[in-house]
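In this note's numbering, the protein residues as written are 326 to 483.
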């Protein structure tokens, strides 16, 4: 048996929630993060919401500014200052970069190519990330069919 790595080459979690028309500001960003798997339902570790919210509000920030803005946002919304350590904020920034939502330009971070989120979804997530994942999952479906569900001709008894 050939051993393969169980580390995903790419992954994305998508969840469907109610339409976003009456949700505003940080709550909208929070629901977005839940929708794309950056945040788990019921998870109190939601600092990724504030990192993204800060970048959406301020357009371009360096690491120190992200930390300052996240602390301001959490204070303004009366949220506990958990998860605001610079090491954790760097991890959250990396997660946002892996989803093609933000990019690093010199020492600053900004929304990917200063693009609208709807365009990022169409160009990066839908046509690149989802397409490649969907194709690979399809290969697994086909291989399961081939190995387990294709009828093999029976040998005739003599």
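Where a beta carbon is used, it is the ideal one built from N, C-alpha and C, also for glycine. Since the structure is predicted, the reported quantities are computational estimates derived from the model, not experimental observations.
What distance in whole Å lies between the Cβ atoms of residue j and residue i, which are believed to be in contact at a cut-off of 8 Å?
i: residue 429; j: residue 422; result: 7 Å
i: residue 406; j: residue 396; result: 7 Å
i: residue 376; j: residue 391; result: 6 Å
i: residue 449; j: residue 425; result: 4 Å
i: residue 394; j: residue 404; result: At roughly 13 Å, the Cβ-Cβ gap does not stay under 8 Å, so residue 394 and residue 404 are not in contact.
i: residue 366; j: residue 353; result: The pair is not a contact, with the Cβ atoms about 16 Å apart (cut-off 8 Å).
i: residue 356; j: residue 348; result: 6 Å
i: residue 402; j: residue 351; result: 6 Å
i: residue 399; j: residue 409; result: 7 Å
i: residue 411; j: residue 388; result: 7 Å
Classify residue i as helix, strand or coil using the three-state DSSP reduction.
i: residue 400; result: helix
i: residue 393; result: helix
i: residue 385; result: strand
i: residue 331; result: coil
i: residue 369; result: coil
i: residue 337; result: coil
i: residue 374; result: helix
i: residue 456; result: helix
i: residue 361; result: coil
i: residue 424; result: coil
i: residue 442; result: helix
i: residue 468; result: helix
i: residue 348; result: coil
i: residue 315; result: An answer regarding residue 315 cannot be provided, because it is not within the stretch 326 to 483 covered by the chain.
i: residue 343; result: coil
i: residue 379; result: helix
i: residue 476; result: coil
Return the bridge partner residues of residue i from the DSSP annotation.
i: residue 429; result: 434
Looking at C-beta atoms only, is the number of pairs between the stretch 333-346 and the stretch 357-367 that lie closer than 8 Å three or more?
-> yes
Does the stretch 429-438 come close enough to the stretch 376-384 that 3 or more CB-CB pairs lie under 8 Å?
-> yes
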